[in-house]
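Novice: The structure follows.
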Amino acid sequence: GEILGKTGKVYYFQGPVQFNYGCHTFIGENFFANFNLTVMDDGPIYIGDNVCFGPNVSLMATNHPLIAQERMGLDEQGRTTMAEFAEEIRIGNNVWIACNATVIGGVTIGDNVVIGAGSVVTKDIPAGYLAYGNPARPVRPITEADSKKHLILPEDMEHFTYNLK
Numbered sequence: 012g013e014i015l016g017k018t019g020k021v022y023y024f025q026g027p028v029q030f031n032y033g034c035h036t037f038i039g040e041n042f043f044a045n046f047n048l049t050v051m052d053d054g055p056i057y058i059g060d061n062v063c064f065g066p067n068v069s070l071m072a073t074n075h076p077l078i079a080q081e082r083m084g085l086d087e088q089g090r091t092t093m094a095e096f097a098e099e100i101r102i103g104n105n106v107w108i109a110c111n112a113t114v115i116g117g118v119t120i121g122d123n124v125v126i127g128a129g130s131v132v133t134k135d136i137p138a139g140y141l142a143y144g145n146p147a148r149p150v151r152p153i154t155e156a157d158s159k160k161h162l163i164l165p166e167d168m169e170h171f172t173y174n175l176k
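Add 11 to the 1-based position in the sequence shown for the numbering used here, that's all there is to it.
What follows is the structure in structure tokens.
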């Protein structure tokens with residue numbers, strides 16, 4: 012059976028890929044993930060349509076208390092335990108998250124966003140922006156001036172795209 016909460020009809024994972032649970036991850040149509048995707052989905056993670064992830068992207072809904080006494084403790088049997096909590100992650104439609112980026116729980120990434128390589132997304136990113144850095148911040152809107160349509164050969168696109176079916 013399926014291990015993910017939901018997927019669209021068209022999706023592709025380049026292995027290896029790691030989900031903490033899988034059942035808390037909901038993926039839209041036309042999804043692509045390059046290798047080494049790590050998803051700590053202790054809480055819900057929603058991924059929109061037409062989303063692609065570069066290599067080594069991490070989605071981290073899970074977190075731990077900052078106070079050591081809250082983080083580590085003992086259960087009724089005297090065994091050491093570690094407290095954790097999870098916050099939802101929402102990724103909009105038409106989003107590209109480049110290689111080595113990490114998205115932290117509690118974050119919403121709007122539609123039509125590009126997250127730059129190596130970024131750590133700790134706060135919401137509004138729709139239509141290029142964002143990058145550690146912590147990631149919206150740098151500028153994505154505009155028609157960013158178009159690379161002139162680089163695409165009109166004939167045989169099979170050379171330039173993955174067949175996601």
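Just so it is clear, CB atoms sit at the ideal spot from N, CA and C, and this is done for glycine as well. The structure presented is a predicted model; accordingly, all values stated were derived computationally and were not measured.
For P137 and I120, I'd like the C-alpha separation in whole angstroms.
Specialist: About 6 Å.
Novice: Find the nearest neighbour of C34 within the set G16, K134, E95, C63, judged by alpha-carbon distance.
Specialist: Looking at the Cα atoms, G16 is the closest of the given residues.
Novice: Name, in chain order, the residues that DSSP records as bridge partners for I14.
Specialist: Answer by DSSP bridge pairing: none, since I14 is not bridged.
Novice: In whole angstroms, what is the alpha-carbon distance linking G127 and Y57?
Specialist: Spanning the two alpha carbons is a distance of roughly 20 Å.
Novice: With a cut-off of 8 Å on the beta carbons, I'd call N41 and F64 a contact; round off their distance for me.
Specialist: Incorrect: roughly 13 Å between the Cβ atoms, too far for contact.
Novice: In the DSSP assignment, find the beta strand (DSSP E) that holds A72 and state where it starts and stops.
Specialist: From DSSP, A72 is part of no beta strand (DSSP E); its letter is neither H nor E.
Novice: Using three-state DSSP, classify R90 as helix, strand or coil.
Specialist: Coil, per DSSP.
Novice: According to DSSP, G144 sits in a beta bridge with which residue or residues?
Specialist: DSSP lists A147 as partners of G144.
Novice: By DSSP, does A44 sit in helix, in strand, or in coil?
Specialist: Looking at A44 - three-state DSSP - the assignment turns out to be strand.
Novice: Mapping DSSP to helix, strand and coil, what is A109?
Specialist: Of the three classes helix, strand and coil, the one that applies to A109 here is coil, per DSSP.
Novice: Assign G89 to one of two classes, buried (16 or more other C-beta atoms within 10 Å of its C-beta) or exposed (fewer than that).
Specialist: Burial call: exposed.
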